[in-house]
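Undergrad: Respectively, the protein sequence lines represent chains A and B. So the first sequence is numbered by the working numbering: it starts at -6 and just counts up by one. So the second sequence is numbered by the working numbering: it starts at 74 and just counts up by one. Even for Gly, the Cβ is constructed at its ideal location relative to N, Cα and C. All values derive from a computational prediction rather than experimental measurement.
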Amino acid sequence: KAGVTQTPRYLIKTRGQQVTLSCSPISGHRSVSWYQQTPGQGLQFLFEYFSETQRNKGNFPGRFSGRQFSNSRSEMNVSTLELGDSALYLCASSLRGGVNEKLFFGSGTQLSVL
Amino acid sequence: AQKITQTQPGMFVQEKEAVTLDCTYDTSDPSYGLFWYKQPSSGEMIFLIYQGSYDQQNATEGRYSLNFQKARKSANLVISASQLGDSAMYFCAMREGPGNFNKFYFGSGTKLNVKP
Chain A
-6 KAGVTQTPRY LIKTRGQQVT LSCSPISGHR SVSWYQQTPG QGLQFLFEYF
44 SETQRNKGNF PGRFSGRQFS NSRSEMNVST LELGDSALYL CASSLRGGVN
94 EKLFFGSGTQ LSVL
Chain B
74 AQKITQTQPG MFVQEKEAVT LDCTYDTSDP SYGLFWYKQP SSGEMIFLIY
124 QGSYDQQNAT EGRYSLNFQK ARKSANLVIS ASQLGDSAMY FCAMREGPGN
174 FNKFYFGSGT KLNVKP
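#1: Going by DSSP, name the residue or residues bridged to F164/B.
#2: Can you pull the chain B neighbours of N49/A, defined as C-beta to C-beta under 8 Å?
#3: List, in order along the chain, the chain A residues whose C-beta lies closer than 7 Å to that of G106/B?
#4: Report the residue from Q79/B, Q124/B, Q87/B whose alpha carbon sits nearest the alpha carbon of D159/B.
#5: Assess contact between the segment 88 to 104 of chain B and the segment 141 to 155 of chain B, defined as three or more Cβ pairs (one per stretch) separated by less than 8 Å. Is contact present?
#6: Between which two residues does the beta strand (DSSP E) harbouring T102/A extend?
#7: Does the separation of the CB atoms of V12/A and L107/A fall below 8 Å?
#8: Using the Cα positions of G55/A and D78/A, report the straight-line distance between them to the nearest angstrom.
#9: Measuring straight from C-alpha to C-alpha, what distance separates S104/B and G9/A?
#10: Do I77/B and Y178/B have their CB atoms nearer than 8 Å?
#11: Q143/B bridges to which residues according to DSSP?
#12: With a cut-off of 8 Å, does the C-beta of M162/B fall near any C-beta of chain A?
#13: Using the three-state DSSP reduction, which class does L94/B fall into: helix, strand or coil?
#14: Across the segment 134 to 149 of chain B and the segment 106 to 125 of chain B, are there enough close Cβ pairs to call them in contact, namely three or more that are closer than 8 Å?
#15: Any C-beta of chain B sitting closer than 8 Å to the C-beta of E45/A?
#16: Between G101/A and chain B, is any beta-carbon pair separated by less than 8 Å?
#17: For R168/B, return the contacting residues in chain A, with the cut-off set at a CB-CB distance below 8 Å.
#18: Whole angstroms is fine: what's the gap from D95/B's alpha carbon to Q30/A's?
#19: Inspect the beta-carbon positions of S67/A and Y28/A and report whether they are closer than 8 Å.
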């Protein structure tokens, strides 16, 4: 079974630009969540999608958005990039998001904003 | 208050020895799950072990065991017989209640170095 796939692996953008990151969950997994990892703030929850609906959101500005498609694949978008958006963005999937379900993570997209 | 606290930024352990990584958590929800993940330099988060708040026994997964002390709100990871490949960042995480789905809280991590 293929794992969680994130593309691209690396991205370099400049301030003010926008970026779209992609995530394909494990086959059969309907919950996809996104996390931002930085040296200063650690791992922080961005949002979660289930059956094409956002059902949970972290404390990030509206510049961060996402969506999920009918095949459970998900994208996240960051508009008007700021230097502080430089981070490793991790996507994770699970079957439904039940209490005892573990998250399966992708290798992440390393975003650098110059 | 921090939901997950890991007080050891870095640790060294000799190969083949056991090591304990500390984790304390803060929640008022009676139903929660505690997880440990390993993150090698490649970046991918690898699941190690899970403990549910209602589980009576400490969880074990091969060389990994979780020392769960509910009254103290601690969930320490014990790695027995350390191997060089265990060198990585280790994160403790918590999911609260059934309604939070996949909103996890992570600690700041512990960098483990295994010495030959």
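TA: Reading it off the structure:
#1: Here residue 164/B refers to the residue found at position 91 when the second sequence is read from its first residue. Paired residues: Y110/B.
#2: Position 56 of the first sequence holds residue 49/A. Going along chain B in sequence order, the residues near N49/A (Cβ under 8 Å) are N173, F174, N175, K176.
#3: The sequence position of residue 106/B within the second sequence is 33, counting from 1. For the C-beta of G106/B, the chain A residues within less than 7 Å are, from N- to C-terminus, V92, N93.
#4: By one-based count along the second sequence, residue 159/B stands at place 86. Comparing Cα positions, the closest option is Q87/B.
#5: Three or more Cβ pairs drawn from the segment 88 to 104 of chain B and the segment 141 to 155 of chain B lie within less than 8 Å of each other, which places the two stretches in contact.
#6: Against the first sequence, residue 102/A aligns to sequence position 109. Run containing T102/A: 102 to 106, per the beta strand (DSSP E) assignment.
#7: Looking up residue 12/A in the first sequence gives position 19. Looking up residue 107/A in the first sequence gives position 114. For V12/A and L107/A, no; Cβs fall outside 8 Å.
#8: Looking up residue 55/A in the first sequence gives position 62. Looking up residue 78/A in the first sequence gives position 85. So the alpha carbons of these two residues sit roughly 13 Å apart.
#9: Your numbering for residue 104/B matches position 31 in the second sequence. Your numbering for residue 9/A matches position 16 in the first sequence. So the two alpha carbons sit approximately 42 Å from each other.
#10: For the purposes of this step, residue 77/B is taken as the residue at position 4 of the second sequence. For the purposes of this step, residue 178/B is taken as the residue at position 105 of the second sequence. Result yes, Cβ atoms of I77/B and Y178/B sit closer than 8 Å.
#11: Working through the second sequence from its first residue, we reach residue 143/B at position 70. Strictly speaking, residue 143/B in this sequence is Lys, with Gln absent from that position. Answer is none; K143/B lacks a bridge partner.
#12: Walking along the second sequence from the start, residue 162/B turns up at place 89. M162/B does not count as touching chain A.
#13: Taking the second sequence and counting its residues from 1, the one referred to as residue 94/B is at position 21. Three-state result, L94/B: strand.
#14: yes
#15: The residue labelled residue 45/A in the question sits at position 52 within the first sequence. Chain B has no Cβ within less than 8 Å of the Cβ of E45/A.
#16: As a position in the first sequence, residue 101/A is number 108, starting the count at 1. Yes - at least one Cβ of chain B is within 8 Å of the one on G101/A.
#17: Within the second sequence, numbered from 1, the residue matching residue 168/B stands at position 95. Here the neighbours are V92.
#18: Working through the second sequence from its first residue, we reach residue 95/B at position 22. Working through the first sequence from its first residue, we reach residue 30/A at position 37. Cα-Cα distance, rounded: 21 Å.
#19: Numbered from its first residue, the first sequence carries residue 67/A at position 74. Numbered from its first residue, the first sequence carries residue 28/A at position 35. No, the pair does not count as a contact, with Cβ atoms beyond the cut-off.
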